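Student: The structure's right below; bear with me while I get my questions together.
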Amino acid sequence: MELKFVADQNVGKLAKLLRIMGFDTLFFDGEDDANIIAIALAESRIILTRDTQIMKRGIVTSGRLKAVLIESDKPEQQAHQLINTLNLDRQSKPFTLCLECNQTLLEKSKEEVKERVPPYVFKTQSQFMECPNCKRIYWRGTHWQAMSGMLKKFAKKGE
Ligand SMILES: [Zn+2]
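Right under this line is the structure:
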């Protein structure tokens, strides 16, 4: 089954890292715990939070709703904790989601993006993706490599 998440506002950066890895992750910016729980239940999402109160709720302790208590306040450590406890490595599909909108990216041909990317990018890259929502163009450029490297580093720590 595909893992989906809803990240509490106290782990916002972690939400972005999960999107980099291709995991459908909603960002919850409300105040009321009842709302994040309702979203998680309705959409079968795992709650990610640093809030111990959520972890004490009956629905979580009984196992009817899955939640992960994130231990560290550092995004790298948080990613490391999750990758290792849920074996995210094996299921990750990097660069399939928009980092801003959590939407599935669509493949675009070179010609389609010609007017919308810098000339050197057009010349050097062959694979392009577009977010159907915000229309951002993504490509397998240097920043993608940097992110891949970062993810590998997270996964290796503590092995
Ligand atoms: Zn987008």
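So the mapping is simple: this note's numbering equals the position in the sequence shown, first residue as 1, plus 26. The C-beta atom is built at its ideal place from N, Cα and C for all residues, glycine as well. This structure is a prediction, so every number in the text was calculated from the model and none was measured.
Name the DSSP bridge partner or partners of E133?
Tutor: In the sequence shown, residue 133 corresponds to position 107, counting from 1. Per DSSP, the beta bridge partners of E133 are M155.
Student: Just reading off the alpha helix (DSSP H) that V147 is part of, what are its end residues?
Tutor: Here residue 147 refers to the residue found at position 121 when the sequence shown is read from its first residue. Segment 145-150, the alpha helix (DSSP H) holding V147.
Student: State yes or no: is the beta carbon of L112 nearer than 8 Å to at least one beta carbon in chain C?
Tutor: Reference to chain C is not applicable here, since this structure consists of a single protein chain.
Student: Quick one: Cα of F154 to Cα of R162, how far?
Tutor: Counting from one through the sequence shown, the residue named residue 154 turns up at place 128. Counting from one through the sequence shown, the residue named residue 162 turns up at place 136. Looking at the two C-alpha atoms, the distance is approximately 10 Å.
Student: Cutting at 7 Å between CB atoms, please list the residues of its own chain near Q117, excluding the five before and the five after it.
Tutor: By one-based count along the sequence shown, residue 117 stands at place 91. Closer than 7 Å at the Cβ level, and outside the excluded window around Q117, lie L29.
Student: What do you get for L67, buried or exposed, if any count of 16 or more other CB atoms within 10 angstroms of its CB means buried?
Tutor: By 1-based counting over the sequence shown, the position of residue 67 is 41. Its Cβ having fewer than 16 others within 10 Å, L67 is exposed.
Student: Measure from the alpha carbon of I80 to the alpha carbon of each residue in M27, I62, E97, K100, then state which is nearest.
Tutor: Indexing the sequence shown from 1 puts residue 80 at position 54. Closest by alpha carbon: I62.
Student: Between S174 and the rest of its own chain, which residues show a CB-CB distance below 7 Å, the 5 nearest in sequence each way excluded?
Tutor: Counting from 1 along the sequence shown, the entry for residue 174 is found at position 148. Correct list, in chain order: P120.
Student: Report yes if the CB atom of T78 is closer than 8 Å to the CB atom of L95, and no otherwise.
Tutor: Counted from its first residue, the sequence shown places residue 78 at position 52. Counted from its first residue, the sequence shown places residue 95 at position 69. Cβ distance < 8 Å, so T78 and L95 count as in contact.
Student: Does the separation of the CB atoms of G48 and T111 fall below 8 Å?
Tutor: Within the sequence shown, residue 48 is the residue found at index 22, counting from 1. Within the sequence shown, residue 111 is the residue found at index 85, counting from 1. Contact: no.
Student: Hey, V32 and R76: beta-carbon distance below 8 Å or not?
Tutor: On the sequence shown, residue 32 is found 6 positions in, with the first residue counted as 1. On the sequence shown, residue 76 is found 50 positions in, with the first residue counted as 1. It is not a contact, given that the beta carbons lie outside the stated cut-off.
Student: Counting only the same chain and skipping the five closest in sequence on each side, list residues whose C-beta sits under 8 Å from that of F54.
Tutor: For this step, residue 54 is matched to residue 28 along the sequence shown. Sequence-distant partners of F54 (beyond 5 residues in either direction) whose C-beta falls short of 8 Å from its own C-beta, in its chain, are V32, A33, D34, Q35, N61, I62, I65.
Student: For I85, does the count of other Cβ atoms within 10 angstroms reach 16, so buried, or fall short, so exposed?
Tutor: Looking up residue 85 in the sequence shown gives position 59. I85 is exposed by the Cβ-count criterion.
Student: Starting from the C-beta of Q151, find all residues in its chain whose C-beta is less than 7 Å away, skip the five residues before and the five after it, and write them out in chain order.
Tutor: Position 125 of the sequence shown, counting from 1, holds the residue named residue 151. Closer than 7 Å at the Cβ level, and outside the excluded window around Q151, lie W165, R166, G167.
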